[in-house]
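Residue numbers (the working numbering), protein chains in the order written: chain R, 1 to 350; chain B, 1001 to 1350. One structure is given here, and the rest of the page talks about it.
Structure below.
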């Protein structure tokens, strides 16, 4: 081993879902929105002055921060914007999780949590969800260095009632509690209404799912101004200019278009409810979903088998080869037409 | 103090140059390119399919990595792309600077180096440049945890001959040596030609200066495949999808347009050489610049005074209120017209 190799940070990186390059694929594997971005964002893109690309973007992301603050009726000093919610949560880990006590998160959850903890050398404990994949609030009462969980949870799609979310926050007033709400717009109730009552609460959301802009990389955190300032201080210590000019302009236009947003999420919710019925008839079981995906297991066929068979038919879903969930498929909700193609393929396979 | 405050990471963040929002400003303060992005990038932008923004970008940034690799005649596995060179260098610090020995960099240099070291808790030593602002190679022979310096240096604009750069790399084979070449395209010779001979060398460049795309946030590192793999592993542990779809597409188009790139850099170099003559006549002294800026001190007038007077006239340059350099101004090279406006203002002030 060469000397310089000894000081390389060794990590087990997160493996993202496949991004197939072949055309005519039905892509239900990374929880993207099947509908295009808001026409308001498209209009902003078409009017964008490309000459300005020679200039640095606004390091304070003022226009996008302002648009998000207006939408959620909070102060601009309560909003932090990052390069997707992964960037936001990673920055929040670095900023707030500096205790010797372990950070707590569910064992079946977004698998990036343990990866961030590893890369930043943060002690953590993965708390088992129960046999029905439910996050048990009282499991989070023990002393810890911070708490994070998604609501709805991923990949289970299970939603936790706001009173139970509040119970976890209230039992952890001495640490920061992060609620990762990437999927909240598909039927859940956001913890944002608790922000003013709990100064230790950070709510994280994203433009990648409900706002059809995964390709732009925009995520945000909302919390009390002190938390947001601490995150900005760390952000300005790493990279002052993270959000590029197009993201600021298109993102602000998108968030202002409430009507389109509500229409798209309503369509996805309707397709999801219809999909639940079809999957049941096909012999699948699943926790009830309030997200834009369903986490389903077939009564007889193996998850890995269905996954491979679907892939042969150019339909991509997500399969996790991990303990407790290795018989499950995570199926993103597409358009009605895409879901019908999926159901036809499943009938063929099963 | 509330309990959760104790675990917040406290940092002294980098303060970026002002991004004035008023129109009709002559902006010579952040070393941006005065010319617009390549027409090839503009064409790619106009043809961009906005519907695809609903999908995640390619996490491997294949097309942009490939275009950069082709341009520099290296392998795709030798190129790492990040959100501006700040993101690239920050990721390189996290990946490679994990020794107990201090990382070395010049005391008068890009001020982010100490900020990154602080935020990641990396020990470091700022090595004084000599009285002419020269980086003395033999100062970097002592045991260390890694080395980084810009070439040309910022904010001095001083270029170090490649043989001297190689001397530092050769004396530090047991650690990673990073050469930060944000300004190399304005007349210097890149260390890229040393990549195959030194497996401990990482060269970092950016689209923000010579490629007129500061607003897109694209930087890259080139090195041996093992270094690039280690950086990608860390990157995939933080955020799989950092480079958004427009950046990948516009960036690849820009790097392919060699002719426009060479025309713009030649114009900037010509304007710089002309500006040196004018500044000398106006009573300024400065280290010889091979960058797109000049680091100048007036023989009589104070830097802070000139800075404020220029600002009153809507001309922004950069002033650092720091020991050893508090009489200097860093003046970005604009168009000939912008520089003439600057010289007229300076005549008026002095």
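Every residue, glycine too, gets a C-beta built ideally from N, C-alpha and C.
By the DSSP assignment, the alpha helix (DSSP H) with residue i in it spans what residues?
i, result
"residue 1210 of chain B", "Unbroken run through residue 1210 of chain B: none, as it is neither H nor E."
"residue 169 of chain R", "162-170"
"residue 1089 of chain B", "1084-1096"
"residue 113 of chain R", "112-119"
Taking a contact to mean a Cβ-Cβ separation below 8 Å, would you say residue i touches residue j in this structure?
i, j, result
"residue 1134 of chain B", "residue 1097 of chain B", "no"
"residue 144 of chain R", "residue 103 of chain R", "yes"
"residue 1246 of chain B", "residue 1078 of chain B", "no"
"residue 1018 of chain B", "residue 1305 of chain B", "no"
"residue 1301 of chain B", "residue 1342 of chain B", "no"
"residue 177 of chain R", "residue 147 of chain R", "yes"
"residue 1297 of chain B", "residue 1327 of chain B", "yes"
"residue 55 of chain R", "residue 1344 of chain B", "no"
"residue 22 of chain R", "residue 334 of chain R", "no"
"residue 106 of chain R", "residue 127 of chain R", "yes"
"residue 1038 of chain B", "residue 1220 of chain B", "no"
"residue 1157 of chain B", "residue 1284 of chain B", "no"
"residue 40 of chain R", "residue 256 of chain R", "yes"
"residue 11 of chain R", "residue 1083 of chain B", "no"
"residue 132 of chain R", "residue 1244 of chain B", "no"
Give a yes or no on whether the minimum CB-CB distance between residue i and chain B is below 8 Å.
i, result
"residue 321 of chain R", "no"
"residue 271 of chain R", "no"
"residue 214 of chain R", "yes"
"residue 83 of chain R", "yes"
"residue 98 of chain R", "yes"
"residue 14 of chain R", "yes"
"residue 3 of chain R", "yes"
"residue 233 of chain R", "yes"
"residue 95 of chain R", "yes"
"residue 346 of chain R", "no"
Looking at chain R, is there any beta carbon in it that lies within less than 8 Å of the beta carbon of residue i?
i, result
"residue 1245 of chain B", "yes"
"residue 1009 of chain B", "yes"
"residue 1236 of chain B", "yes"
"residue 1019 of chain B", "yes"
"residue 1193 of chain B", "no"
"residue 1188 of chain B", "no"
"residue 1176 of chain B", "yes"
"residue 1032 of chain B", "yes"
"residue 1144 of chain B", "no"
"residue 1327 of chain B", "no"
"residue 1050 of chain B", "yes"
"residue 1058 of chain B", "yes"
"residue 1239 of chain B", "yes"
With distances taken from CA atoms, which of the options is nearest residue i?
i, options, result
"residue 28 of chain R", "R/79, R/325, R/314, R/223", "R/314"
"residue 90 of chain R", "R/117, R/100, R/105", "R/117"
"residue 1252 of chain B", "B/1207, B/1325, B/1050", "B/1207"
"residue 31 of chain R", "R/272, R/232, R/312, R/324", "R/272"
"residue 1194 of chain B", "B/1222, B/1237, B/1325", "B/1222"
"residue 239 of chain R", "R/170, R/119, R/58, R/263", "R/58"
"residue 364 of chain R", "R/140, R/156, R/42", "Outside the modelled stretch of chain R, which goes from 1 to 350, sits residue 364 of chain R, for which no answer is possible."
"residue 1191 of chain B", "B/1047, B/1348, B/1156, B/1150", "B/1150"
"residue 1062 of chain B", "B/1267, B/1101, B/1261, B/1241", "B/1241"
"residue 1279 of chain B", "B/1346, B/1155, B/1132", "B/1346"
"residue 1264 of chain B", "B/1005, B/1016, B/1036, B/1003", "B/1036"
Express the C-alpha separation of residue j and residue i in angstroms, rounding to a whole number.
i, j, result
"residue 248 of chain R", "residue 87 of chain R", "16 Å"
"residue 8 of chain R", "residue 274 of chain R", "50 Å"
"residue 65 of chain R", "residue 250 of chain R", "12 Å"
"residue 1013 of chain B", "residue 114 of chain R", "27 Å"
"residue 291 of chain R", "residue 1232 of chain B", "30 Å"
"residue 1184 of chain B", "residue 1173 of chain B", "23 Å"
"residue 1094 of chain B", "residue 1212 of chain B", "28 Å"
"residue 1020 of chain B", "residue 1311 of chain B", "10 Å"
"residue 161 of chain R", "residue 168 of chain R", "11 Å"
"residue 1142 of chain B", "residue 1125 of chain B", "11 Å"
"residue 51 of chain R", "residue 45 of chain R", "13 Å"
"residue 92 of chain R", "residue 110 of chain R", "15 Å"
"residue 287 of chain R", "residue 1199 of chain B", "51 Å"
"residue 1187 of chain B", "residue 1269 of chain B", "7 Å"
"residue 1351 of chain B", "residue 34 of chain R", "Look at the range of chain B in this structure, 1001 to 1350, and you will see that residue 1351 of chain B is not part of it."
"residue 159 of chain R", "residue 295 of chain R", "13 Å"
What residue range does the beta strand (DSSP E) around residue i cover?
i, result
"residue 143 of chain R", "From DSSP, residue 143 of chain R is part of no beta strand (DSSP E); its letter is neither H nor E."
"residue 293 of chain R", "293-298"
"residue 1187 of chain B", "No beta strand (DSSP E) holds residue 1187 of chain B; DSSP gives it neither H nor E."
Using a Cβ-based criterion (distance less than 7 Å to any ligand heavy atom), does residue i qualify as near the ligand COA?
i, result
"residue 350 of chain R", "This structure lacks the ligand COA, and indeed carries no ligand of any kind."
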